[in-house]
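Everything in the sequence shown is counted per the working numbering, starting at 15 for the first residue and increasing by one.
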Amino acid sequence: APKVSIVLVLWNQAPLTLACLRSLAAEHAVPIEVVIVDNASTDRTEELLARVSGARVLRNADNKGFLLAVNQGVAAARGEHVLLLNNDAIIREGGLAAAVELLEGDATVGAVGARVILPDGQLQEAGS
C-alpha cells in the first residue's frame, strides 16, 4: 500500500511533466503511488503519458480546471497521505521522507509545505 499518493494535475507542458516524473521515479525512500489527472492537454502530454508505467492516469475530455481535477485525483488516491504536486516541481532526494516523518511524528501537524527553490537557486518559499 502506498504511504503517499502524489496527485499531478496536467494541462500541457509535457517537458515539465517529464522532468517531474523522472524525479518521482527516483524516489525510493517512501512507497508512493502517482495519480495523474490530464485536463485535456493538447501538446505532447498524451504521447508522454502513453509511455508512463506504474501511474494511474485519469483523462478528462475537457479542461475541468485545477480544483475539480485535484478533487478527482484525491478521490482516486489510496495512500495514507496526499501530496498535491505541480508538474513543474522536482522532488529532491529525502524530501518526501522528511515530510512523512514530520507528519507522522507530531500529531499537531496536519499539513507540510515544502521549501521551494527556483531554477536559479534562489529561495522562493522556506517551507511550512
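Ideal Cβ placement from N, Cα and C applies to all residues, glycine included.
All of these numbers come straight from a predicted model, not from anything done at the bench.
**Q.** residue 69 in three-state terms, based on DSSP
**A.** Here residue 69 refers to the residue found at position 55 when the sequence shown is read from its first residue. DSSP places residue 69 in strand when its eight states are reduced to three.
**Q.** C-alpha distance - residue 16 paired with residue 23, whole-angstrom precision
**A.** Within the sequence shown, the letter at position 2 stands for residue 16. Within the sequence shown, the letter at position 9 stands for residue 23. Those two C-alpha atoms are separated by around 19 angstroms.
Q | Residue environment, residue 97, which counts as buried when at least 16 other CB atoms sit within 10 Å | A | Translated into the one-based positions of the sequence shown, residue 97 becomes position 83. Residue environment for residue 97: buried (at least 16 other C-beta atoms within 10 angstroms of its C-beta).
(Q) Could you check whether the region 69 to 88 touches the region 41 to 59, counting it as contact only if at least three pairs of C-beta atoms, one from each stretch, sit closer than 8 angstroms? (A) Taking 8 angstroms as the limit for Cβ pairs, the verdict is that the region 41 to 59 does touch the region 69 to 88.
Q | Of the listed residues 116, 59 and 140, nearest to residue 132 (C-alpha basis) | A | The sequence position of residue 132 within the sequence shown is 118, counting from 1. Ranking the options by Cα distance to residue 132, first place goes to 140.
Q | Straight-line gap, residue 94 to residue 18 (C-alpha atoms, nearest Å) | A | Numbered from its first residue, the sequence shown carries residue 94 at position 80. Numbered from its first residue, the sequence shown carries residue 18 at position 4. Approximately 6 angstroms between the Cα atoms of the pair.
Q) Between residue 67 and residue 100, what straight-line distance do the alpha-carbon atoms span, to the nearest angstrom? A) As a working mapping, residue 67 is identified with position 53 in the sequence shown. As a working mapping, residue 100 is identified with position 86 in the sequence shown. Approximately 19 angstroms, taken between the alpha carbons.
Q. What residues in its chain sit with their C-beta under 7 angstroms from that of residue 103, if we drop five residues either side in the sequence?
A. To locate residue 103, count along the sequence shown from 1; it is residue 89. Correct list, in chain order: 34.
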